[in-house]
Amino acid sequence: MNRYLVLTILLAFTIISALVLAWLNLLNPPTTIKTLGLTYIENTYFGPYSSMSPEAVTAIVWDYRGLDTVYETAVFFLAIVGGLSVFRGVKTRASAMKGIGLTGIAKASTKIIAVMIIGASASIALHGHLTPGGGFQGGSTLAVAFLLIIPVFSVYSLLNMNITSEKLIAIRGIALTAIGIVALLPVLKNLPLVANISFYPSHIAGMLTSGSLFFYNLFEYIAVASGFTAVFIYLSLAGVEGEEK
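Count the sequence shown with our numbering and you get residues 413 to 657, in order.
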């Protein structure tokens with residue numbers, strides 16, 4: 413039998429099974445919350461193990477499911493490393509002569525849109541412990557601003573502003589290291605000299621920071637944005653080199 417036909421049959425069976433199970437679940441919806449889910453709900457903002465965060469997803473991702481999140485960050489780290497290794501021979505020298513970009517109207521509107529994107533990305537990341545969002549979502553949004561700037565102003569506009577892939581990779585490494593430090597600092601409370609120090613207070617200057625969650629989101633925001641932007645620059649430079657050849 414043709415292997416493509418077999419794959420098609422398996423895919424169709426999987427989709428039909430998923431639809432049937434979903435329909436059965438709708439006919440007999442659960443009437444109680446599972447114990448594990450109830451524990452998470454009770455302890456995100458209240459309870460003895462509270463993360464002091466009204467945003468349950470962020471609390472679960474960073475606090476209760478922290479090790480799994482470390483693995484996800486490691487996968488993203490290796491994916492960026494793999495992408496950069498493909499373009500390791502591409503030069504990132506700035507040039508004022510190449511890539512003049514699009515029209516003045518496009519550039520003027522892009523400046524406004526880019527500022528709005530940057531503001532929205534910061535809000536998504538830095539309020540991730542209060543509302544839906546977080547560091548990854550905010551960093552991905554920030555990278556969109558640079559992705560918009562590259563075709564409108566040309567990739568060389570970023571290089572002329574000294575925004576290079578090499579520097580972005582270094583920033584990304586520092587941000588990821590900071591995430592690890594944030595995770596390890598509480599271990600120091602086992603030492604007598606710092607036993608009474610609260611590394612991550614729930615409130616700073618009267619504002620709810622949810623302890624370490626704010627710092628996790630901040631450094632993840634920087635790491636994701638710099639990683640994606642570095643790849644965008646390399647991709648753009650590779651395209652320019654291909655056109656010149």
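Think of the CB as a built atom: it goes at the ideal place given N, C-alpha and C, for glycine as much as any other residue.
Do you know how far the Cα of residue j is from the Cα of residue i?
i      : j      : result
Lys657 : His539 : At Lys657, the pLDDT of 48 sits below 50, so the modelled position is not reliable and the matter cannot be decided from this model.
Thr641 : Asn437 : 42 Å
Ile428 : Ile616 : 51 Å
Val643 : Lys446 : 42 Å
Asn619 : Leu588 : The sequence shown places Met at residue 619, not Asn. Their backbone Cα atoms lie some 25 Å apart in a straight line.
Leu554 : Ala637 : 6 Å
Leu448 : Tyr461 : 13 Å
Ala635 : Ile583 : 7 Å
Ile561 : Tyr452 : 41 Å
Ala628 : Leu419 : Contrary to the premise, residue 628 reads as Tyr rather than Ala in this sequence. Their backbone Cα atoms lie some 41 Å apart in a straight line.
Thr543 : Leu417 : 46 Å
Thr481 : Gly546 : 13 Å
Ala518 : Phe626 : 36 Å
Ser497 : Leu647 : 12 Å
Ile421 : Pro441 : 30 Å
Gly639 : Leu423 : 34 Å
Shortest alpha-carbon distance to residue i belongs to which of the options?
i      : options                        : result
Val594 : Gly551, Leu450, Val498, Gly623 : Gly623
Gly551 : Phe488, Ala471, Ser648         : Phe488
Thr621 : Tyr457, Ala526, Ile524         : Tyr457
Lys523 : Leu542, Ser535, Leu559         : Leu559
Please classify residue i: is it buried, with 16 or more other beta-carbons within 10 angstroms of its beta-carbon, or exposed?
i      : result
Ser533 : buried
Met528 : exposed
Trp658 : Residue 658 falls outside the range modelled here, since the chain spans only 413 to 657, and no answer is possible.
Thr485 : buried
Glu578 : exposed
Phe548 : buried
Phe611 : exposed
Leu649 : buried
Ile471 : As written in the sequence, residue 471 is Ala, which differs from the Ile given in the question. It is buried - the Cβ of Ala471 has at least 16 other Cβ atoms within 10 Å.
Thr426 : exposed
Asn414 : exposed
Leu570 : buried
Tyr483 : exposed
Gly459 : exposed
Glu655 : Note that Glu655 scores 48 on pLDDT, short of 50, meaning its location in the model is unreliable; the coordinates nonetheless yield the value given after this. Exposed, because fewer than 16 other Cβ atoms sit within 10 Å of the Cβ of Glu655.
Ile645 : buried
What is the C-beta distance between residue i and residue j, in whole angstroms, given that I count them as a contact (C-beta under 8 Å)?
i      : j      : result
Ala537 : Tyr633 : 4 Å
Phe373 : Ile591 : An answer regarding residue 373 cannot be provided, because it is not within the stretch 413 to 657 covered by the chain.
Val564 : Gly516 : With a Cβ gap of about 11 Å, Val564 and Gly516 do not count as contacting.
Ile575 : Ala557 : At roughly 12 Å, the Cβ-Cβ gap does not stay under 8 Å, so Ile575 and Ala557 are not in contact.
Ser465 : His541 : 5 Å
What are the residues that DSSP puts in a beta bridge with residue i?
i      : result
Leu419 : Answer is none; Leu419 lacks a bridge partner.
His539 : Note: His539 sits in no beta bridge, so no partner.
Leu620 : His615
I want to check one thing, is the minimum distance from the CB of residue i to the heavy atoms of the ligand COA below 8 Å?
i      : result
Gly545 : No copy of the ligand COA occurs in the structure displayed, which carries no ligand at all.
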